[in-house]
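Q: Just passing along the structure, written as structure tokens.
In the numbering used here, the protein residues as written are 12 to 94.
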């Protein structure tokens, strides 16, 4: 009888531990943290990026200090032509 009581105590402890571990918060995988080069370039030349929704998704618009607006990747490619 003592052995049965001991085994049921161990089983109960294992169930409690299992239940508590299910409540633990899951850690998210760390993000890469790499910035968008076109957005960074826009800021480097004094512009500000404004995000706009389009039928294709989101698009970053670089608003330059003189008021000119250009899609950020178009601006980046214009000033950084492929070699």
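Yeah, the Cβ is synthetic: ideal placement off N, Cα and C, and Gly gets one too.
For a test of the three-state rule: what should DSSP assign to residue 54, helix, strand or coil?
A: Within the chain shown, the letter at position 43 stands for residue 54. Helix, per DSSP.
Q: Return the CA-CA distance between residue 63 and residue 84, expressed in angstroms with no decimal places.
A: Locating residue 63 in the chain shown gives position 52, where the first residue counts as 1. Locating residue 84 in the chain shown gives position 73, where the first residue counts as 1. Residue 63 and residue 84: Cα-Cα distance of roughly 14 angstroms.
Q: Classify residue 9 as helix, strand or coil using the three-state DSSP reduction.
A: As shown, the chain starts at 12 and ends at 94. That puts residue 9 outside it, with no answer to give.
Q: Express the C-alpha separation of residue 21 and residue 47 in angstroms, rounding to a whole number.
A: Working through the chain shown from its first residue, we reach residue 47 at position 36. Working through the chain shown from its first residue, we reach residue 21 at position 10. Roughly 54 angstroms between the two C-alpha positions.
Q: Check for me: the beta strand (DSSP E) holding residue 59 runs from which residue to which?
A: Taking the chain shown and counting its residues from 1, the one referred to as residue 59 is at position 48. Looking at the DSSP string, the run of the beta strand (DSSP E) that includes residue 59 is 59-65.
Q: Taking the CB atoms as reference points, tell me whether residue 50 and residue 43 lie closer together than 8 angstroms.
A: Taking the chain shown and counting its residues from 1, the one referred to as residue 50 is at position 39. Taking the chain shown and counting its residues from 1, the one referred to as residue 43 is at position 32. No, they are not a contact pair.
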